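**Student:** Just passing along the structure, written as structure tokens.
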Amino acid sequence: MYIYILIYIYKFIFHFFFRAIAEGVDRNVLCIIVLLTCQPQRPIMTRIFTYFMQQRYNINVVILVPGVHGVRAFNVRPYTASSCTSVEPVETDIKDGDVWDVFPSRLKNLHGCPLSVIVWDIPPYMRVNWQSSDPMDGLAGLDGLLLRIVARKMNFTLKLMANEPNGLIGGSSYINGTFTGAYKMLRERRANITIGCAACTPERSTYLESTSPYSQMAYIIVMRARSGYSIYEVMLFPFEKGTWLVVSTVLGLHWLVGSRWRMPSPILAGWMLWIFVIRASYEASVFNYIHNSPVKPSPRTLEQALNGGFRFITDHATYRMTLQIPSFQGKTSISAGQPVDVFDALLKAPWKTGAFTSRAFLAAHLVGHRHHRNQLLILGEKIIDNMLCVYFPQGSYFAWEINNLLFNMRSFGIFQHHSQILAWNSMPTTTTDTDTPGKSIHSSKESAARGFAESMSFVLAALNCLMGALCFSIAVFGLELLSRRRRWTGLAWLFERV
Ligand SMILES: *[C@@H]1O[C@H](CO)[C@@H](O)[C@H](O)[C@H]1NC(C)=O
Ligand SMILES: *[C@@H]1O[C@H](CO)[C@@H](O)[C@H](O)[C@H]1NC(C)=O
Ligand SMILES: *[C@@H]1O[C@H](CO)[C@@H](O)[C@H](O)[C@H]1NC(C)=O
4 MYIYILIYIY KFIFHFFFRA IAEGVDRNVL CIIVLLTCQP QRPIMTRIFT
54 YFMQQRYNIN VVILVPGVHG VRAFNVRPYT ASSCTSVEPV ETDIKDGDVW
104 DVFPSRLKNL HGCPLSVIVW DIPPYMRVNW QSSDPMDGLA GLDGLLLRIV
154 ARKMNFTLKL MANEPNGLIG GSSYINGTFT GAYKMLRERR ANITIGCAAC
204 TPERSTYLES TSPYSQMAYI IVMRARSGYS IYEVMLFPFE KGTWLVVSTV
254 LGLHWLVGSR WRMPSPILAG WMLWIFVIRA SYEASVFNYI HNSPVKPSPR
304 TLEQALNGGF RFITDHATYR MTLQIPSFQG KTSISAGQPV DVFDALLKAP
354 WKTGAFTSRA FLAAHLVGHR HHRNQLLILG EKIIDNMLCV YFPQGSYFAW
404 EINNLLFNMR SFGIFQHHSQ ILAWNSMPTT TTDTDTPGKS IHSSKESAAR
454 GFAESMSFVL AALNCLMGAL CFSIAVFGLE LLSRRRRWTG LAWLFERV
């Protein structure tokens, strides 16, 4: 904590000397100004307070006036029951006091004064009902509730302001100081606060005042879950292509040779044993597949997804995050609407599409669409973590007070408490957890029913194959019958050969 002592002597000095010093102090710190003048003091003090309050947003200024009976101290109480912008000097007693008597906390009760807050819709963080007569009731969502608690604790009223252009979520910010949206408005001092899933970034905290992070956000990639294998694919599964080739060649040879030559008994016994082993291993593998219901493999890391030719979709606010990740360049497109709408777009997109989004948006989407949990899959590798901050115009004295409040609220676990409304428990599995999405979440009764259905469909598929083979042999038989007729000599020739 620094204390700057500025000596204010004559009125004309104010413009040249005093302001130059005050502007050189780049952060708002505690200021003590010693006023040495023979002119009427109150108007000068009012001017000093007006400068500090309105230009610097610094409330922690005390003016010391030495006199014959000792030193008198003055500061301001801008927020009182009768005024919201008072810059009148108020004398304070600083004898035997500590720093908190010199700079008392004057923001604990703002006496119902209005603060302008830039808000935008971004469920589940903020939902704004602009029609609501009381702005307090018009706010919902995690950050909306937070703002309401802060407003109630500090006793201020809300003056809600829409982002510019309307409908924009947040705004972009560049390190060269070019800002858009809400952050531009704050830089131009057209509002007092903004809150609503605003990421903490170095660009923003360079040009704006911010609180410490009050909440965390994990960015992930959500993909569509792939369907399991069809029963016919499962039937071919137990052996590789080569093995199938060998088995069918051996069987074909046996058929050709066996029709002409009777095998000696030892070879026949070996042959039977071989058939038995092949059959047993085939059945065991099929059984294993049916009971583990494997799914087609999905990528587990971002690299695998990129190599697999994945493309990504995201909403326009989250899109700004992808600009910092080189792997996403040229592979990401913006899906219109709110961040939570990206999942509907994902379910309609082709399979090799991933949604770049946050866990909270997914949890919010699942509140209304619990059945989507089986259709979605989270990429095993988490992409980045982000923090959320509340922003103020540069130097704003509200930052410190609200930061303290948020810190206390975080210690009490209010954020976890509020976020219980999201469907955290029904999150889809990640691709590294397990190969069988949706399996663990079925109750045992349900999985028994599913297992039965799958076994039955396998039996049905086997029956279909048998029927197919039967149809084939009937067709061959029919053709053979036809070849007996005189007109079909070509066919007869063919069957002679076979
Ligand atoms: C909040 O401000 C209003 C308006 O000045 C006042 O009537 C009320 O008593 C204040 N509440 C508290 C808890 O101080
Ligand atoms: C700041 O950077 C952004 C992006 O790099 C650019 O679009 C903008 O024109 C720059 N602004 C200034 C004032 O240089
Ligand atoms: C609050 O916002 C108003 C504009 O709505 C601005 O005039 C005022 O200076 C701001 N005050 C602080 C302390 O940020």
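In terms of my numbering, the sequence shown opens at residue 4 and continues consecutively. All C-beta atoms in this analysis are idealised placements derived from N, C-alpha and C, irrespective of residue type, glycine included. Fair warning: this is a prediction, and the values are worked out from it, not measured in the lab.
Please name the residue in PHE418, VAL370, GLN327, ARG303 whose C-alpha comes closest to that of ILE381.
**Tutor:** In the sequence shown, counting from the first residue as 1, residue 381 sits at position 378. The shortest Cα separation from ILE381 among PHE418, VAL370, GLN327, ARG303 belongs to ARG303.
**Student:** Taking C-beta to C-beta, are MET48 and PHE77 nearer than 8 Å?
**Tutor:** One-based indexing of the sequence shown puts residue 48 at position 45. One-based indexing of the sequence shown puts residue 77 at position 74. It is a contact, given that the beta carbons lie within the stated cut-off.
**Student:** CB of ARG193 to nearest heavy atom of ligand 3: below 7 Å?
**Tutor:** Taking the sequence shown and counting its residues from 1, the one referred to as residue 193 is at position 190. ARG193 Cβ: within cutoff of ligand 3.
**Student:** Give the DSSP-derived three-state secondary structure of LEU39 in the structure shown.
**Tutor:** Sequence index remark: in the sequence shown, residue 39 carries index 36 (1-based). Of the three classes helix, strand and coil, the one that applies to LEU39 here is coil, per DSSP.
**Student:** CB-CB under 6 Å to PHE418, same chain, minus the five flanking residues each way: which ones, in chain order?
**Tutor:** On the sequence shown, residue 418 is found 415 positions in, with the first residue counted as 1. Counting only Cβ-Cβ distances below 6 Å, and skipping sequence neighbours, we find SER218.
**Student:** Taking 7 Å as the limit between beta carbons, can you name the residues of its chain near LEU391, skipping five residues before and five after?
**Tutor:** Within the sequence shown, residue 391 is the residue found at index 388, counting from 1. Excluding positions up to five away in sequence, the list reads CYS200, ALA201, ALA202, CYS203, PRO216, TYR217, SER218, MET220.
**Student:** For HIS374, is the beta carbon positioned less than 7 Å from some heavy atom of ligand 1?
**Tutor:** The residue labelled residue 374 in the question sits at position 371 within the sequence shown. Checking every heavy atom of ligand 1 against the Cβ of HIS374, none is found closer than 7 Å.
**Student:** Grouping DSSP H, G and I as helix and E and B as strand, with all else coil, what is TYR394?
**Tutor:** Along the sequence shown, one-based indexing puts residue 394 at 391. Strand.
**Student:** According to DSSP, is TRP496 helix, strand or coil?
**Tutor:** Here residue 496 refers to the residue found at position 493 of the sequence shown. Of the three classes helix, strand and coil, the one that applies to TRP496 here is helix, per DSSP.
**Student:** Any idea what DSSP makes of LYS442, helix, strand or coil?
**Tutor:** Position 439 of the sequence shown, counted from the first residue, corresponds to residue 442. With a pLDDT of only 46 at LYS442, under the threshold of 50, the placement of this residue in the model should not be trusted; the figure read from the coordinates follows. In the structure shown, LYS442 sits in coil (DSSP, three-state: anything other than H, G, I, E or B).
**Student:** Output the residues surrounding ligand 2, defined as those with a CB atom closer than 7 Å to any ligand heavy atom, in chain order.
**Tutor:** So the residues near ligand 2 by this Cβ test are TYR177, ASN179, GLY180, THR181.
**Student:** Given a cut-off of 8 Å on the beta-carbon distance, is the pair ARG109 and ILE62 in contact?
**Tutor:** Translated into positions along the sequence shown, residue 109 becomes position 106. Translated into positions along the sequence shown, residue 62 becomes position 59. It is a contact, given that the beta carbons lie within the stated cut-off.
**Student:** Once the 5 residues before and after ASP146 are set aside, which same chain residues still bring their CB inside 7 Å of it?
**Tutor:** Along the sequence shown, read from residue 1 onward, the residue named residue 146 stands at position 143. Counting only Cβ-Cβ distances below 7 Å, and skipping sequence neighbours, we find TYR128, MET129, ILE198, GLY199, CYS200.
**Student:** Given this structure, state the Cα-to-Cα distance separating GLU499 from LEU271, to the nearest angstrom.
**Tutor:** If you number the sequence shown from 1, residue 499 lands on position 496. If you number the sequence shown from 1, residue 271 lands on position 268. Taking the straight line joining both Cα atoms gives about 29 Å.
**Student:** How far does the beta strand (DSSP E) with GLU94 in it reach, from first residue to last?
**Tutor:** Indexing the sequence shown from 1 puts residue 94 at position 91. Its beta strand (DSSP E) spans residues 92-95.
**Student:** Return yes when the Cβ of ARG229 is within less than 8 Å of the Cβ of VAL298, no when it is not.
**Tutor:** Residue 298 sits at position 295 when you count from the first residue of the sequence shown. Residue 229 sits at position 226 when you count from the first residue of the sequence shown. Contact flag set, yes.
**Student:** Could you tell me whether any non-hydrogen atom of ligand 3 is closer than 7 Å to the CB of GLN58?
**Tutor:** The residue you call residue 58 lines up with position 55 of the sequence shown. Because no heavy atom of ligand 3 lies under 7 Å away, the Cβ of GLN58 does not count as near it: no.
**Student:** Between the C-alpha atoms of ILE444 and PRO138, what's the straight-line distance to the nearest angstrom?
**Tutor:** Locating residue 444 in the sequence shown gives position 441, counting from the first residue. Locating residue 138 in the sequence shown gives position 135, counting from the first residue. Residue placement at ILE444 is flagged as unreliable, the pLDDT there being 46, under the threshold of 50; the coordinate-derived value follows with that caveat. Computed Cα separation, rounded: 41 Å.
**Student:** Cβ of HIS420 versus every heavy atom of ligand 1: is any distance shorter than 7 Å?
**Tutor:** Along the sequence shown, one-based indexing puts residue 420 at 417. No, since every heavy atom of ligand 1 falls outside the 7 Å radius drawn around the Cβ of HIS420.
**Student:** Using C-beta distances below 7 Å, list every residue in its chain close to TYR177, excluding the 5 sequence neighbours before and after it, in chain order.
**Tutor:** For the purposes of this step, residue 177 is taken as the residue at position 174 of the sequence shown. The residues are GLU206.
**Student:** For the beta strand (DSSP E) containing ASN78, list its first residue and its last residue.
**Tutor:** Walking along the sequence shown from the start, residue 78 turns up at place 75. Counting along the chain, the beta strand (DSSP E) containing ASN78 begins and ends at 73-79.
**Student:** Along the chain, where does the alpha helix (DSSP H) containing ARG323 start, and where does it finish?
**Tutor:** Locating residue 323 in the sequence shown gives position 320, counting from the first residue. It spans 319-325 - the alpha helix (DSSP H) in which ARG323 sits, taken as one unbroken run.
**Student:** Determine, using beta carbons only, whether ARG323 and THR356 come nearer to each other than 8 Å.
**Tutor:** Position 320 of the sequence shown, counted from the first residue, corresponds to residue 323. Position 353 of the sequence shown, counted from the first residue, corresponds to residue 356. Cβ distance not < 8 Å, so ARG323 and THR356 don't count as in contact.
**Student:** Under the three-state reduction of DSSP, which class applies to ALA348: helix, strand or coil?
**Tutor:** In the sequence shown, the residue the question calls residue 348 occupies position 345. In this structure, ALA348 counts as helix in the three-state DSSP scheme.
**Student:** From LYS442 to ASP318, what does the alpha carbon distance come to, in whole angstroms?
**Tutor:** In the sequence shown, residue 442 corresponds to position 439, counting from 1. In the sequence shown, residue 318 corresponds to position 315, counting from 1. Bear in mind that a pLDDT of 46 at LYS442, under 50, signals an unreliable position, so the model cannot answer this.
**Student:** Identify, in the order they occur along the chain, each residue of the same chain with its Cβ nearer than 6 Å to the Cβ of SER336, setting aside the five sequence neighbours on each side.
**Tutor:** By 1-based counting over the sequence shown, the position of residue 336 is 333. Around SER336: ILE316.
**Student:** Grouping DSSP H, G and I as helix and E and B as strand, with all else coil, what is GLN341?
**Tutor:** Looking up residue 341 in the sequence shown gives position 338. Of the three classes helix, strand and coil, the one that applies to GLN341 here is coil, per DSSP.
**Student:** Kindly give me the distance between the Cβ atoms of VAL225 and ALA308, rounded to whole angstroms, as I take these residues to be in contact under 8 Å.
**Tutor:** The residue given as residue 225 occupies position 222 in the sequence shown. The residue given as residue 308 occupies position 305 in the sequence shown. Going by Cβ atoms, the distance from VAL225 to ALA308 rounds to 11 Å, so no, they are not a contact pair.
**Student:** Could you tell me which residues DSSP pairs with MET470 in its beta bridges?
**Tutor:** Here the question's residue 470 lines up with position 467 in the sequence shown. DSSP output for MET470 lists no bridge partner at all.
**Student:** Only counting runs of 4 or more residues, tell me where the alpha helix (DSSP H) segments fall wholly within the region 259-316, in order along the chain.
**Tutor:** Listed in chain order, the complete alpha helix (DSSP H) runs (minimum 4 residues) inside the region 259-316 are 268-295, 305-310.
**Student:** Name the DSSP beta bridge partners of MET220, please?
**Tutor:** The residue given as residue 220 occupies position 217 in the sequence shown. Its beta-bridge partners are ASN389.
**Student:** Ordered along the chain, which non-local residues of its own chain (more than five positions away) have a Cβ less than 6 Å from that of SER429?
**Tutor:** Here residue 429 is taken as the residue at index 426 of the sequence shown, counted from 1. Around SER429: LEU369, ARG373, ARG376.
**Student:** Give me, in chain order, the residues of the same chain whose beta-carbon lies closer than 7 Å to that of TYR235; leave out the 5 immediate sequence neighbours on both sides.
**Tutor:** As a first step, residue 235 must be located in the sequence shown, where it is residue number 232. Result list for TYR235: ALA464, in chain order.
**Student:** With a cut-off of 7 Å, give the chain-ordered residues whose Cβ is closer than this to any heavy atom of ligand 1.
**Tutor:** That gives ALA84, ASN112, HIS114, GLY115, ASN158.
**Student:** I need the boundaries of the alpha helix (DSSP H) containing MET164, first residue and last residue.
**Tutor:** Within the sequence shown, residue 164 is the residue found at index 161, counting from 1. Per DSSP, MET164 belongs to no alpha helix (DSSP H); it is in the beta strand (DSSP E), 160-165.
**Student:** Taking LEU118 as part of the beta strand (DSSP E), name the residues at either end of that continuous run.
**Tutor:** For the purposes of this step, residue 118 is identified with residue 115 of the sequence shown, where counting begins at 1. Run containing LEU118: 117-122, per the beta strand (DSSP E) assignment.
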